[in-house]
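In full-length UniProt numbering, the protein residues as written are 1 to 335.
Ideal Cβ positions, reconstructed from N, Cα and C, are used throughout, including at glycine.
Just so we're clear, the structure is a prediction, and the values are computed from it rather than from any experiment.
The structure under discussion appears below in the form of structure tokens.
Here's what the structure looks like:
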């Protein structure tokens with residue numbers, strides 16, 4: 001079975017609502033605050049637009065929360081299924097995943113995950129083109145390093161000139177899970193770990209669906225489990241996509257900037273990241289990158305300070321040489 005091929009983005013009605021729907025905080029779970037409640041302000045119009053559209057689409061998923069869930073258990077534990085039955089348009093991908101690491105999910109949960117997968121792909125830069133030699137780029141770094149900001153700046157400045165690019169932002173996937181706000185409110189320091197396994201599961205489906213559709217993929221994550229990537233994830237992807245090239249972009253930032261961004265994240269989402277977790281991430285990410293450099297096609301370290309532009313800090317690398325790494329051919333699909 002072929003993977004679902006993302007269609008041209010358009011105004012559409014679906015379970016997430018319409019893109020033209022007016023958004024207020026009342027629509028994302030602030031019932032009872034009155035019609036005069038003001039929307040949270042963001043730093044610039046583009047951030048405000050992105051947050052508005054995303055929250056508008058994610059809000060209806062709250063109706064899918066199982067009221068019997070245990071908020072001290074992970075979403076994987078709450079929604080796992082003992083059966084190995086797979087449903088929906090991505091069933092052919094689900095059946096190939098590593099179930100010595102993952103758990104399978106109940107039918108209704110698979111349906112919700114499929115909606116998230118489709119929406120993440122539809123929101124990406126999926127032009128009508130295929131490439132025979134795609135890139136799978138892992139943008140890694142600690143929480144607060146600014147991984148997604150770095151990707152957007154690379155694309156804006158045309159340092160990453162890739163067509164058909166699907167961005168797999170695990171924090172965005174996490175925010176789609178209807179239980180996340182409940183976890184963040186009641187267990188702000190563990191909300192990340194309680195949703196991590198399901199977020200990884202959904203992100204893997206997005207990645208494989210996008211690659212099967214002939215696109216390039218950027219995955220933003222910490223890559224802490226180095227052995228799993230070296231022994232299972234990379235070999236499986238290379239086996240399924242022989243012409244695929246894998247890159248790692250390691251994003252770093254001054255610790256004061258990391259802490260500032262993490263503090264803002266906690267204020268915006270109630271999702272707290274303890275400093276001991278950040279320190280552990282810092283060590284694990286550095287170890288992972290050093291270990292995986294020998295098994296990928298390209299790696300680079302990028303500095304992302306708060307009030308300055310991006311800089312490359314890898315030896316013998318410049319923005320000119322960086323830009324040349326991503327050359328590839330395309331097959332245009334007739335409209």
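Check	Outcome
Consult DSSP for residue 261 and reduce its assignment to one of helix, strand or coil.	helix
Skipping 5 residues on each side, what residues in its chain have a beta carbon closer than 8 Å to that of residue 223?	138, 140, 229, 248, 285, 288, 289 and 292
Apart from the five residues on each side of it in sequence, which residues of its chain come closer than 7 Å, Cβ to Cβ, to residue 116?	173, 176 and 202
Pull up the DSSP beta-bridge partners for residue 300, would you.	249
Helix, strand or coil for residue 101, going by three-state DSSP, please let me know.	coil
Please classify residue 144 as buried or exposed, where buried requires at least 16 other C-beta atoms within 10 Å of its C-beta.	buried
In this structure, how does DSSP classify residue 326 when only helix, strand and coil are distinguished?	coil
Quick check: the Cα distance between residue 171 and residue 321, rounded to an integer number of angstroms?	30 Å
Does residue 118 pass the burial test, meaning 16 or more other C-beta atoms within 10 Å, or should it be called exposed?	buried
Please report the straight-line C-alpha distance between residue 106 and residue 325, rounded to a whole angstrom.	42 Å
Grab me the residues of residue 327's own chain with a C-beta within less than 8 Å of its C-beta, minus the 5 sequence neighbours each way, in chain order.	none
Does DSSP put residue 176 in a helix, in a strand, or in coil?	helix
Since residue 217 contacts residue 142 with CB under 8 Å, what's their CB separation in whole angstroms?	The Cβ separation is near 22 Å, so there is no contact.
Would you say the region 303 to 312 touches the region 249 to 266, given that touching needs at least three Cβ pairs under 8 Å?	yes
Please list, in chain order, all residues of the same chain as residue 109 whose beta carbon is under 7 Å from its beta carbon, the five residues on each side excluded.	79
Give me whichever residues DSSP pairs with residue 80 in a beta bridge.	105
Quick one: what does DSSP say residue 87 is sitting in, helix, strand or coil?	coil
Can you pull the DSSP bridge partners for residue 311?	303
My guess is that residue 310 and residue 96 are in contact by the Cβ rule of under 8 Å, so how many angstroms apart are they, rounded?	Contact doesn't hold; Cβ gap of about 36 Å is too wide.
So which of 204, 255 and 267 has the shortest CA-CA distance to residue 237?	204
According to DSSP, is residue 145 helix, strand or coil?	coil
Confirm, please, whether the CB-CB distance from residue 93 to residue 208 is below 8 Å.	yes
Do you know how far the Cα of residue 169 is from the Cα of residue 283?	22 Å
Three-state secondary structure (DSSP) at residue 93?	helix
With a cut-off of 8 Å on the beta carbons, I'd call residue 159 and residue 275 a contact; round off their distance for me.	Actually they do not touch by this definition, with Cβ atoms about 32 Å apart.
Can you say whether residue 307 is buried or exposed, counting buried as having 16 or more other CB atoms within 10 angstroms of its CB?	exposed
Under 8 Å by Cβ, that's how I've got residue 164 and residue 131 pegged, so tell me the actual separation to the nearest angstrom.	7 Å
Would you give the residue range spanned by the beta strand (DSSP E) that residue 159 belongs to?	Taken as a continuous stretch (DSSP letters only), residue 159 belongs to no beta strand (DSSP E), as it is neither H nor E.
So, for residue 190: in the same chain, excluding its five sequence neighbours on each side, which residues have a beta-carbon less than 7 Å away from its beta-carbon?	none
Out of curiosity, what's the CA-to-CA distance linking residue 262 and residue 188?	13 Å
Relative to the alpha-carbon of residue 255, which residue among 246, 242, 281 and 199 has its alpha-carbon at the smallest distance?	281
Could you give the C-beta distance for residue 182 and residue 71, rounded to a whole number, given that I count them as a contact under 8 Å?	6 Å
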